[in-house]
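As C-alpha cells, the structure follows; a few thoughts come after it.
Protein chains: 2
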Amino acid sequence: MLNFNYNIPTKVFFGEGKIEVLGKQIKKYGSRVLLAYGGGSIKKIGLYDKVVEILRENNIPYYELSGIDPNPRVESVAEGVRICRDNNIDFILAVGGGSTIDCCKVIAAAYYYDGNPWDLVIRKAKIEKVLPIGTILTLAATGSEMDAGAVISNMETNQKYGIGHSGMFPKFSILDPTYTYTVSKYQTASGVADIMSHTFEEYFSNEKGAYLQDRLAESILKTCMRYGRIAIDEPENYEARANLMWASSLAINGLLGYGKDSAWTVHPLEHELSAYYDITHGIGLAILTPHWMEHVLDENTIWKFVEYGVNVWNIDSSLDDMEIAKLSIEKTSEFFKSLDIPMTLREVGIGEDKLEIMARDVIDYVGGTVGNFKALDYEDVLSIYKKAL
Amino acid sequence: MLNFNYNIPTKVFFGEGKIEVLGKQIKKYGSRVLLAYGGGSIKKIGLYDKVVEILRENNIPYYELSGIDPNPRVESVAEGVRICRDNNIDFILAVGGGSTIDCCKVIAAAYYYDGNPWDLVIRKAKIEKVLPIGTILTLAATGSEMDAGAVISNMETNQKYGIGHSGMFPKFSILDPTYTYTVSKYQTASGVADIMSHTFEEYFSNEKGAYLQDRLAESILKTCMRYGRIAIDEPENYEARANLMWASSLAINGLLGYGKDSAWTVHPLEHELSAYYDITHGIGLAILTPHWMEHVLDENTIWKFVEYGVNVWNIDSSLDDMEIAKLSIEKTSEFFKSLDIPMTLREVGIGEDKLEIMARDVIDYVGGTVGNFKALDYEDVLSIYKKAL
Chain A
264 MLNFNYNIPT
274 KVFFGEGKIE
284 VLGKQIKKYG
294 SRVLLAYGGG
304 SIKKIGLYDK
314 VVEILRENNI
324 PYYELSGIDP
334 NPRVESVAEG
344 VRICRDNNID
354 FILAVGGGST
364 IDCCKVIAAA
374 YYYDGNPWDL
384 VIRKAKIEKV
394 LPIGTILTLA
404 ATGSEMDAGA
414 VISNMETNQK
424 YGIGHSGMFP
434 KFSILDPTYT
444 YTVSKYQTAS
454 GVADIMSHTF
464 EEYFSNEKGA
474 YLQDRLAESI
484 LKTCMRYGRI
494 AIDEPENYEA
504 RANLMWASSL
514 AINGLLGYGK
524 DSAWTVHPLE
534 HELSAYYDIT
544 HGIGLAILTP
554 HWMEHVLDEN
564 TIWKFVEYGV
574 NVWNIDSSLD
584 DMEIAKLSIE
594 KTSEFFKSLD
604 IPMTLREVGI
614 GEDKLEIMAR
624 DVIDYVGGTV
634 GNFKALDYED
644 VLSIYKKAL
Chain B
264 MLNFNYNIPT
274 KVFFGEGKIE
284 VLGKQIKKYG
294 SRVLLAYGGG
304 SIKKIGLYDK
314 VVEILRENNI
324 PYYELSGIDP
334 NPRVESVAEG
344 VRICRDNNID
354 FILAVGGGST
364 IDCCKVIAAA
374 YYYDGNPWDL
384 VIRKAKIEKV
394 LPIGTILTLA
404 ATGSEMDAGA
414 VISNMETNQK
424 YGIGHSGMFP
434 KFSILDPTYT
444 YTVSKYQTAS
454 GVADIMSHTF
464 EEYFSNEKGA
474 YLQDRLAESI
484 LKTCMRYGRI
494 AIDEPENYEA
504 RANLMWASSL
514 AINGLLGYGK
524 DSAWTVHPLE
534 HELSAYYDIT
544 HGIGLAILTP
554 HWMEHVLDEN
564 TIWKFVEYGV
574 NVWNIDSSLD
584 DMEIAKLSIE
594 KTSEFFKSLD
604 IPMTLREVGI
614 GEDKLEIMAR
624 DVIDYVGGTV
634 GNFKALDYED
644 VLSIYKKAL
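So the sequences go chain by chain: A and B. Here the first sequence is numbered in my numbering, starting from 264 and rising by one per residue. Here the second sequence is numbered in my numbering, starting from 264 and rising by one per residue.
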C-alpha cells in the first residue's frame, strides 16, 4: 500500500427531505448566492421552486446562472464569474448533476483570477483561492458532489480537461435520491457506466498491496451491477436510486484510490470523444471500456482480471486464468449492453475521420503515454478507438 | 437505506515516514501542546524521541501526561485537564492506541467543563466545547483515530461507558504502519477482533436497503481475515500492518453505519467485562461474539447470517439456510481461535460470580433492552455470558 493523505471535508446530507438543511448550511459560508443550474429539469421536478423558497425564507439574496450544458463550457464559467463579481457573491450553490457542479467549481476558482478562466483549466495559471460552494445533486454519476475535481470543455479548441484544487471540495452536498427519479433511462445507464469507470480507473492498477481498497472498489461495482437495471426499469425505486447515488460519491471521493498510484486511462480517451463530438460522457466510457480491457490484458495484467472476474462476476476460479480474464471482459460488455447502452462509436455518431486527431490529442496532452496499469502510446490509443468503432 | 449525515473531517496522513507532517499540522491548530501517551512503548520504538525532536525543532512548548492505562481511567482525564489548565495548553497530541486517544478526547472536552469529568461520561453534563486534538496511532484496533467517540472507565464504580461529540474528531491522525511492528501477538489479535466487532455491530442490522454499506463492511471483514494471522506471524509485514491499520479506521468512522440504524450489542456486553475485570477489550469481544451470534440467530435474522456466510466465508450458497448460518458462526469462532485468542471467559479469569451483576448493569445502563438486530433483555444477556464461560 502506498502512502496517502486522506482528506474528504465535504459534509453530505443524504436522504429524502434533506433539503431542509439548506438555509442553515448556506449561512455558515456566505450571504449572497449564485444559484446555478442546467437545462431546467430542476424546474420540472419542483426543486427550483423549493430552493428559491428556502433562499427567500432565509432572506438570502441570489442571482441565477442557468443553461449550464452537459460537458460544461468555459463560456458558462466566464458568465458565472461575471455574475459573481457584479453582485458581490460569496457562495455558489450548484443544483444539478456533475456538469453544473463542475462548472461552479471552476467559477469559484476563476472568481479570484483576473485572466481568462481557461488558463486555469490548461494550467497556464494556478488556482490560488476558491469561493465556497455547496451542491444539491440530481444525477448519480460523476461524484463531483464529494470531490475536488472538475472537467471543463472548450468546444472552440476541441479540448476537455480535468482540473482539481482542495478548495473545490463542496462545503456540503445534499443528496436526495428522489431528485433522480425523473432521470431518463439513457442518462441513468450513462451514470452507472460513469460510476463503474471511475472505479475501474482505480481498481485496475499494478499496486498489489492495497487489498482493502480493492475490496471497497468491488463493493461499488457490485452495487452498480445490482441496481443499474432496477433503476432503469423502476425509476422511482428508492433503494436503487439511493445505492447508486451513494456509490457515485464514494467511487471518486478518494476512498478507492488512496494507497494506489493509478493513472487514469479511459477517461482521457473519452474526453476526446466528448470534446470533438459532445457525446454523453458515461456512454463514451462504456463503449471504450471493454476494448481498453482487451487491449491491456497480457501476462503482466492478467492477475488483476482474474481477481476482477472471480470477485465481481463470480466466475469459477478453477477455470484457466485467461478464460477467466476474457470472460470478465465479456461480462462487462454484456452488462453495459443490458443497460441498453449503444456499444459502438458509430451508434453515437462517431466515424473514422477524427480518430487519429483524437489519439494524437490524448498523447499530446499527457505528454508521453497515457495510464500506468499498462501505459498506452499513440498506436495503442488509436487501436482502441478503431476497435470501438 | 435510511437518511444520514456524513461528516468525517479528520485528515489522515497514512504511511511510513508520515510523521514529517507533525510540526506543520500542530501549528495549524495550537501553540502549546499536551503530549499524552501510555505505558512507554512509544519510547521503546523511538517514537517518543522523534516526536519530542519535532516539537523542539518547531519551538512548540509541550507538557507530558504519561501512564494512560488500557481501559483509560477517569483519573487520567482529570490529571490531563489539570496539566492543560496549569500550562495554558491549546492542543492535545495523543501518541498511542485507542486508550490514549480516547483519554485525550475526554480531556479535551473536560477542559471546558468545571465539574468532575465523569459527569460528561455519564451524561450528567453536556459537552459544550472541545480542545483540538491530533493523534499518532500505534495500534490498529479501536478506530478512535478517525471518529468522534471515546470510552472511559471508572474502576471505583465499575463503569465503562462510551461518549461522543463532533468536536472530538481528531483534526489530524498520523497512521504509520511501522509503529505497529512491535505490537505483541496477543494485542494484534485483540485489535483484529476489535475491528471485526465494530464491523459486525453495523453489519448485523435489520436494514436491508443499505446494500453498498454491507458490501463495504464485508470488505473490512475480509481484510481482517486475510491479514490477521499474517500480522501475528510476521509482525513486520508492512502490507498486513497497513491493511489492518486502515481497516481499523474505516470500520468505525461512520462509513459502515451510514444509512443503517444499528444499535450496538456486543460492545456494551464487553464493557461490563472490562469494567469489572479490566480484561483486554478485543479479547472480550472475540469471546462473546460467537455466543451472541448463536443467541440472536432465528427465523427473522437468518437472512443476514446467510449473507454473511456466503459473502464473507464463501460458504456454498446451495446449502440449507440454517446450515449456512451455523457454519458462518462456527467459522467466526474458528477464526478467532486461529489468532490464538482464548475463547472462554474462564481463560481470562472471569468466573460465574459477577455474571448477574454485569447483565443487570448492561440493562440498567441502556434502560430496557440492548441492541436492535435482536433486542436482548436481562435473561438474554445473562445467557450469553453463561455460554461464554
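All C-beta atoms in this analysis are idealised placements derived from N, C-alpha and C, irrespective of residue type, glycine included. If you're wondering where the values come from, they're calculated on a predicted model, not measured in any experiment.
Exercise. Under a CB-based cut-off of 7 Å, is residue 574 of chain A close to chain B?
Worked result: Counting from one through the first sequence, the residue named residue 574 of chain A turns up at place 311. It does not: the Cβ of residue 574 of chain A has no partner Cβ on chain B nearer than 7 Å.
For this session: Consider the Cβ of residue 433 of chain A: report whether some Cβ of chain B lies at a distance smaller than 7 Å.
Result: Indexing the first sequence from 1 puts residue 433 of chain A at position 170. Chain B, which has no Cβ nearer than 7 Å to the Cβ of residue 433 of chain A, makes this no.
For this session: May I ask you to list, following chain order, the residues of the segment 467-478 of chain A that have a beta carbon less than 7 Å from some beta carbon of chain B?
Result: Taken in chain order, the members of the segment 467-478 of chain A whose beta-carbon sits within less than 7 Å of a beta-carbon on chain B are 472, 474, 475, 478.
Problem set entry | Enclosing alpha helix (DSSP H) for residue 452 of chain B [first to last residue] | Counting from 1 along the second sequence, the entry for residue 452 of chain B is found at position 189. Unbroken alpha helix (DSSP H) run through residue 452 of chain B: 448-466.
Problem set entry | CB of residue 372 of chain A within 7 Å of CB of residue 363 of chain A, strictly | Position 109 of the first sequence, counted from the first residue, corresponds to residue 372 of chain A. Position 100 of the first sequence, counted from the first residue, corresponds to residue 363 of chain A. Cβ atoms of residue 372 of chain A and residue 363 of chain A: not closer than 7 Å.
Problem set entry | chain B contacts from the segment 269-299 of chain A (Cβ-Cβ distance under 9 Å) | The residues in question are 269, 270, 271, 272, 273, 274, 275, 276, 277, 278, 279, 280, 281, 284.
Exercise. Name the chain B residues that come within less than 7 Å of residue 502 of chain A, Cβ to Cβ?
Worked result: Counting from 1 along the first sequence, the entry for residue 502 of chain A is found at position 239. Those within 7 Å of residue 502 of chain A in chain B are 264, 472.
Exercise. With a cut-off of 7 Å, does the C-beta of residue 485 of chain B fall near any C-beta of chain A?
Worked result: Counting from 1 along the second sequence, the entry for residue 485 of chain B is found at position 222. Residue-level contact check: residue 485 of chain B touches chain A, since one or more beta carbons of chain A fall below 7 Å from its beta carbon.
For this session: Starting from the N-terminal side, write out each stretch of the alpha helix (DSSP H) that is 4 residues or longer and does not extend beyond the segment 294-354 of chain B.
Result: 304-307, 310-320, 337-349
Exercise. Which term fits residue 334 of chain B, buried or exposed, when burial requires 16 or more other beta carbons within 10 angstroms of its beta carbon?
Worked result: To locate residue 334 of chain B, count along the second sequence from 1; it is residue 71. Counting Cβ neighbours within 10 Å, residue 334 of chain B comes out buried, since at least 16 surround it.
Exercise. Using the rule of at least 16 other Cβ atoms within 10 Å of the residue's Cβ for burial, across every protein chain shown, is residue 508 of chain A buried or exposed?
Worked result: Position 245 of the first sequence, counting from 1, holds the residue named residue 508 of chain A. It is buried - the Cβ of residue 508 of chain A has at least 16 other Cβ atoms within 10 Å.
Exercise. Under 7 Å Cβ-Cβ, which residues of chain A neighbour residue 506 of chain B?
Worked result: Here residue 506 of chain B refers to the residue found at position 243 of the second sequence. Correct list: 264, 474, 475.
Problem set entry | C-beta contact flag for residue 239 of chain B and residue 521 of chain B at 7 Å | Since the first residue shown for chain B is 264 and the last is 652, residue 239 of chain B is missing from the structure and cannot be characterised.
For this session: Consider the Cβ of residue 510 of chain B: report whether some Cβ of chain A lies at a distance smaller than 7 Å.
Result: On the second sequence, position 247 is the one that residue 510 of chain B refers to. Among the residues facing chain A, residue 510 of chain B is included, as its CB has a counterpart in that chain under 7 Å away.
For this session: Assess, as a yes-or-no matter, whether the segment 548-561 of chain B is touched by the segment 593-608 of chain B under the definition of 3 or more beta carbon pairs within less than 8 Å.
Result: yes
Exercise. Taking the continuous alpha helix (DSSP H) assigned at residue 274 of chain A, which residues delimit it?
Worked result: Against the first sequence, residue 274 of chain A aligns to sequence position 11. Element bounds for residue 274 of chain A: not the alpha helix (DSSP H) but the beta strand (DSSP E), 274-277.
Problem set entry | C-alpha gap between residue 420 of chain B and residue 285 of chain B, whole angstroms | By one-based count along the second sequence, residue 420 of chain B stands at place 157. By one-based count along the second sequence, residue 285 of chain B stands at place 22. Spanning the two alpha carbons is a distance of roughly 38 Å.
Problem set entry | Beta-carbon proximity check, residue 273 of chain A vs residue 432 of chain A, cutoff 7 Å | Residue 273 of chain A sits at position 10 when you count from the first residue of the first sequence. Residue 432 of chain A sits at position 169 when you count from the first residue of the first sequence. Yes. Within cutoff.
Exercise. Between the C-alpha atoms of residue 635 of chain A and residue 517 of chain A, what's the straight-line distance to the nearest angstrom?
Worked result: On the first sequence, residue 635 of chain A is found 372 positions in, with the first residue counted as 1. On the first sequence, residue 517 of chain A is found 254 positions in, with the first residue counted as 1. Whole-angstrom Cα-Cα distance: 18 Å.
For this session: Return the residues of the segment 383-411 of chain B that lie within a Cβ-Cβ distance of less than 7 Å from chain A, sorted by chain order.
Result: none
Exercise. Do three or more CB pairs link the segment 584-597 of chain A to the segment 552-570 of chain A at distances below 8 Å?
Worked result: yes
Problem set entry | As assigned by DSSP and simplified to three states, the class of residue 568 of chain B | Stepping through the second sequence from its first residue, residue 568 of chain B is reached at position 305. Helix at residue 568 of chain B.
For this session: For residue 643 of chain B, I'd like the list of residues in its chain whose CB is within less than 7 Å of its CB, leaving aside the five on either flank, ordered along the chain.
Result: Within the second sequence, residue 643 of chain B is the residue found at index 380, counting from 1. For residue 643 of chain B, where only same-chain residues beyond five positions count, the Cβ hits under 7 Å are 558.
For this session: Please compile the residues from chain B whose C-beta is within a distance smaller than 8 Å of the C-beta of residue 489 of chain A.
Result: As a position in the first sequence, residue 489 of chain A is number 226, starting the count at 1. Within 8 Å Cβ-Cβ: 474.
Problem set entry | Beta carbon proximity, residue 598 of chain A to chain B, threshold 7 Å | Stepping through the first sequence from its first residue, residue 598 of chain A is reached at position 335. No, its Cβ sits nowhere closer than 7 Å to a Cβ of chain B.
Exercise. From residue 501 of chain A to residue 545 of chain A, what distance separates their C-alpha atoms?
Worked result: By 1-based counting over the first sequence, the position of residue 501 of chain A is 238. By 1-based counting over the first sequence, the position of residue 545 of chain A is 282. Per the coordinates, the alpha-carbon of residue 501 of chain A lies some 22 Å from the alpha-carbon of residue 545 of chain A.
Problem set entry | Integer-rounded CB distance, given that residue 337 of chain A should sit under 8 Å from residue 415 of chain A | Position 152 of the first sequence holds residue 415 of chain A. Position 74 of the first sequence holds residue 337 of chain A. Between residue 337 of chain A and residue 415 of chain A the Cβ distance is about 6 Å, and since that is below 8 Å, they are a contact.
Exercise. Given that a residue counts as buried once 16 or more other Cβ atoms are within 10 Å of its Cβ, and exposed if not, what is residue 436 of chain B?
Worked result: As a position in the second sequence, residue 436 of chain B is number 173, starting the count at 1. Buried.
Problem set entry | Those runs of the alpha helix (DSSP H) which lie wholly inside the segment 475-549 of chain B and span at least 4 residues | 501-513, 529-540
Problem set entry | Opening and closing residue of the beta strand (DSSP E) in which residue 415 of chain A lies | If you number the first sequence from 1, residue 415 of chain A lands on position 152. First-last of the beta strand (DSSP E) with residue 415 of chain A: 412-417.
For this session: Could you check how far apart the C-beta atoms of residue 343 of chain B and residue 402 of chain B are, in whole angstroms? I think they sit under 8 Å.
Result: The residue labelled residue 343 of chain B in the question sits at position 80 within the second sequence. The residue labelled residue 402 of chain B in the question sits at position 139 within the second sequence. The beta-carbon distance between residue 343 of chain B and residue 402 of chain B, rounded to whole angstroms, is 19 Å. This is too long to meet the 8 Å contact definition.
Problem set entry | Interface flag, residue 580 of chain A vs chain B, CB-CB below 7 Å | As a first step, residue 580 of chain A must be located in the first sequence, where it is residue number 317. With 7 Å as the cut-off, residue 580 of chain A does not count as an interface residue toward chain B.
Problem set entry | Backbone CA spacing between residue 303 of chain A and residue 447 of chain A [nearest angstrom] | The sequence position of residue 303 of chain A within the first sequence is 40, counting from 1. The sequence position of residue 447 of chain A within the first sequence is 184, counting from 1. Going by the C-alpha atoms only, they are around 14 Å apart.
Exercise. Run through DSSP, which three-state label would residue 286 of chain B get?
Worked result: By one-based count along the second sequence, residue 286 of chain B stands at place 23. If DSSP states are grouped into helix, strand and coil, residue 286 of chain B belongs with the helices.
Exercise. Does residue 463 of chain B have its Cβ less than 7 Å from a Cβ in chain A?
Worked result: Within the second sequence, the letter at position 200 stands for residue 463 of chain B. No, no contact with chain A.
For this session: Give the straight-line distance between the Cα atoms of residue 443 of chain A and residue 622 of chain B, rounded to the nearest whole angstrom.
Result: By one-based count along the first sequence, residue 443 of chain A stands at place 180. By one-based count along the second sequence, residue 622 of chain B stands at place 359. C-alpha separation (whole angstroms): 47 Å.
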